[in-house]
Structure formats: structure tokens, C-alpha cells
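Here this note's numbering runs 883 ahead of the position in the sequence shown, where the first position is 1.
A virtual CB, placed ideally from N, CA and C, is assigned to each residue, including glycine.
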Amino acid sequence: MNRRITSLTLAAIALAALAVVAMPASSQREEDEPLPERGTIIEIDSPERSLYKIAVPNLRGSSLGSSGAEVMRNDFRLVSLFQVLDSRSFVANLEQEGLGINPSSWSAVGAQGVIKGQIEQSGNQITVTMRLFELSSGNSATLSETYRGNTSELRGFMHDFANKVLLRLTGKAGAFDSRITFGRRVGPGRKDVYVASWDGDRVGRVSGGEGVSMLPSFGPGGVWFSRLTDTGMFITHSNANGRRIIDGNGLNMGPSVCNGRVYFTSTRDGNSEIYSANVDGTDTRRITRHPAIDVSPSCGPGGRIAFVSTRHGSPQVFVMNGNGSGVRRVTFRGSHNQTPSWCMSGEAPLIAFTGRSGGMDVFTVNIATQQYRRITQAQGTNKDPAFSPDCRMIAFYSSRGGIFVSNPEGANQNRVIPGHAETLRWR
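Now the structure itself:
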């Protein structure tokens, strides 16, 4: 009975600490402008948006050819750079063409690029040949790859080739082989941490045992997360077999790994502050020193850390160097901003975050120019965003029924993982 009471007490303390930055601010400070409304969004199928028209016929030679091609079609649809042509419009003689193309047959349906593939199968072993044809280059393939492996690897082969197609066409590879980790309520008093392919395939639990596991992120050893037990809240990872990596008095939660260190929130000194430690849990250092609440560290380009602080009155996003120097506020619109996540591509210093503006919605801010963009509006509750590794997409949880992805303008929103989710990270 005592153990049950202790567990419930610790859970209440943990949830109360997290709620400090999730409670509505009492009033909006005068200098804080409201968060922006959502601007005009040009949807991806609009004639005003120029998309690369690509055809992806089913791969030849195996019954797996249809599912393999659909993986690539889905990648291209969701990334918002392509118009994937309907196979019912094709006029080419696919059997006669084989792995080549007749350019006139494809230009007749408006294609700018065509992907052809073939699977040779022996038991559960496959050899997959893939080719990209750009109509501007005639009937010569501009990209060719051959993959060999098990049938279970076909999805990975398709994601890899789609990444290389983006590299060929845009100069920047895709992130179609990436993964998303997230927390999920699975019952009263129970949360677990999950990981899945970014497109929703192979959703699997990585935390074990009863109780509360939450606030995950990727790092050495797999997926790092916070775990609440009868004896406290500590940090571990998916390959630690339940071992406490970072422990101590009070609450220890919300790990984010960069600079060879784990950044996390702890109340070990009585107040909620940001700390860091080696990935083996040694050499713990206090990074922030302020009487306000500091939580939610998030690693960014160049080893910078974004975090949420109430030091200016209401929860706002701040950034600092990895050693705690150079602290500065970066959100100046809205009275309540939380759960920051960096764009890691380095092209622009973008942070996605959850803002309260009537309800909870997703926003981005360029911290150099203070340009804000609203990703969601009047679409239920939307929160806990994460940029894809190439920053071409943003994932977030929506009360519409799961994890959605959109482009960085908020267009082309699609559900990829059904069910409840929170505190997403993408790598």
C-alpha cells in the first residue's frame, strides 16, 4: 500500500512540474504581440504551386513490386515537392519498355521524371534494380542503383532510392529512412515510449515495465527517455535494460543528447533547472541558474540548446550555448510558448514550438529574423512539433487522431501514425 501511495505521489509531483509550463498564463505582457494567424496556404495540388511531376509504375518481376512502388509514391506525396502522376493516366507500354522508357509516351502525360524498377526474387532473397529517368535527358537513366537483401528490406531500399532521387533533383538528400519517437498513454497511470518509421510503419514500444515512461529523444544507445518509478524519476535508454543512467534527488527528465552530453531538466537543487552529464551519467553539471522555471532542453545546430523558461514572466523559448552561456529569449509573440524543436539542416535557424493562441497550435520562428509562421489553426489541438532531419517536413500530434506531417508552410497535412502521442522527436 505504501509503495502505491509513494508512486502516486511521485507521479503527481512529476506531472505538476511539467504543468508549470503548460498552464495558461494569467495575462499577456504588453510587449508580447499575439501569435500570427495562419496565412494563405497554397495547397500542393494548386496550379499556383510548381511541383515536379513524377511517374512511379509498379516494379517489375515480383508480386512485391506494387507495395515497393507505393512506398516511394507515398514518400514523394508527403514531402510536398512532387506531383505523383496517377497510374491510370499512363499511356506507355510498360511491358515493352522494360527498365527503359519511351520519352514521348511519358511527356504525353506531363511527366518530368519516371522511376522504373525490377525485383528478382529467389525465396526470401531479392535483387532490386532502380532507375530514374529525367525527360530532359532523353531515354538515358540519370540515376541507377542495385540493392540486394531480404524481402523485409524492400521498404528500406525504396526509401533509400527516394532519398537519392531528391539528392539528384534538388541537391539535398531526403530523410525518408528516418524515425519518429514519441510518448503515448496506454492506460490509467501508464505511459510508454514508442518508435516508428516516419511514415508510420513498424510502430514498436521501446520502454518496458509498468508505470510512466515519457519525454523521449534519440541518442547513443537508442532512444533516451524519462522513467518514473516508486523511488523517483530517472533517465535511461532503450538498450540499458532498465538501468538508471542519470539519477539523483528530485525529478530528472526530458533528455536531449548533443555535444557528447545529455541535457536534461532536474529539480535536484530544489528548483527546475537545466543540467548536463556525460552519456554514462558521470560529470553532472548545472547549466542554468535562475529562480524561474527552466525546462525542456532541445539540442540544435552547433551544439546550441533551446529551452523553455518563465524568467520573463510567462513560458517562452530561449536559446543558449551548450555550457550555459549566451542565454537569450527568441520568442516574443504570444503569452505561452513551449516544446521547442530545432531545424537541424543549418540552412535557417528555425525552431518549431507549441503556442497557445485560443488553443494549442504549432508555429515556427526564424530566431535570426523573428519571422513567425503558423502551421495549424482551427484544426483542434496541435502540439509537440518536430522537424524532419532535412527540415522539409514537420511532425506534430493532433487531436484529429494521431501524428500528422506537413510541409513547413502548414500545407499538405497528412496523418501518418494513428493514436495518441506526445513529445515527438524525429531523426
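- As computed with DSSP, TRP1309 is found in a beta bridge with ILE1063.
- In this model, VAL1011 and TYR1158 are separated by some 48 Å (Cα to Cα).
- Unbroken beta strand (DSSP E) stretches of 3 residues or longer found wholly inside the segment 951 to 1039: 965 to 967, 996 to 1005, 1008 to 1017 and 1024 to 1033, given in chain order.
- Restricted to the segment 1173 to 1251, the beta strand (DSSP E) segments that are unbroken, complete and at least 3 residues in length are 1177 to 1182, 1188 to 1192, 1199 to 1203, 1220 to 1225, 1233 to 1240 and 1242 to 1249, listed in chain order.
- Here VAL1210 has PHE1201 and MET1203 as same chain residues with Cβ atoms under 7 Å from its own Cβ, once five neighbours each way along the sequence are excluded.
- Around the C-beta of THR1148, 16 or more other C-beta atoms lie within 10 Å, and the residue is accordingly described as buried.
- Within the DSSP secondary-structure output, THR1150 pairs in no beta bridge.
- Residue environment: ASP969 is assigned as exposed (fewer than 16 neighbouring CB atoms within 10 Å of its CB, all protein chains considered).
- Annotated three-state conformation of SER949 is helix, per DSSP.
- Classified as buried, ASN1135 has 16 or more neighbouring CB atoms from the shown chains inside 10 Å of its CB.
- Judged by DSSP in its simplified three-state form, ALA1261 adopts coil rather than helix or strand.
- A residue is called buried once 16 or more other Cβ atoms fall within 10 Å of its Cβ, and GLY1185, having fewer, is exposed.
- Within the same chain, and ignoring the five residues on either side of VAL974 in sequence, the residues whose Cβ sits closer than 7 Å to its Cβ are SER988, ALA991 and VAL992.
- By the Cβ criterion, the segment 1251 to 1263 is not in contact with the segment 955 to 964, since fewer than three pairs of Cβ atoms, one from each stretch, lie closer than 8 Å.
- Going by DSSP, ASN1297 is part of the beta strand (DSSP E) stretching over 1297 to 1301.
- GLN979 is classed as exposed because its beta carbon has fewer than 16 other beta carbons within 10 Å across all chains shown.
- By a beta-carbon distance limit of 8 Å, ILE1063 contacts LEU1307. Their separation comes to about 6 Å.
- Taken atom to atom, the span from the alpha-carbon of PRO1071 to that of VAL1095 is near 10 Å.
- By the neighbour-count criterion, in which 16 or more other beta carbons inside 10 Å mark a residue as buried, GLU1292 falls on the buried side.
- When the five nearest sequence neighbours on each side are left out, the beta carbons in the same chain lying within less than 7 Å of the beta carbon of ARG1127 are those of PHE1117 and THR1119, in order along the chain.
- It is roughly 13 Å from the alpha-carbon of VAL1245 to the alpha-carbon of GLU1305.
- Bounds of the beta strand (DSSP E) holding MET1097 are 1095 to 1102.
- LYS936 has GLN966 as its beta-bridge partners, per DSSP.
- Under the Cβ criterion (8 Å, minimum of three pairs), the segment 934 to 953 does not count as touching the segment 1266 to 1285.
- Between GLN995 and LEU1018, the C-beta gap is smaller than 7 Å, which places the two residues in contact.
- Here ASP1082 is buried, its C-beta having at least 16 other C-beta atoms within 10 Å.
- The Cβ-Cβ distance between LEU1026 and LYS999 does not fall below 7 Å.
- ASP1075 carries a strand assignment under DSSP once its states are collapsed to helix, strand and coil.
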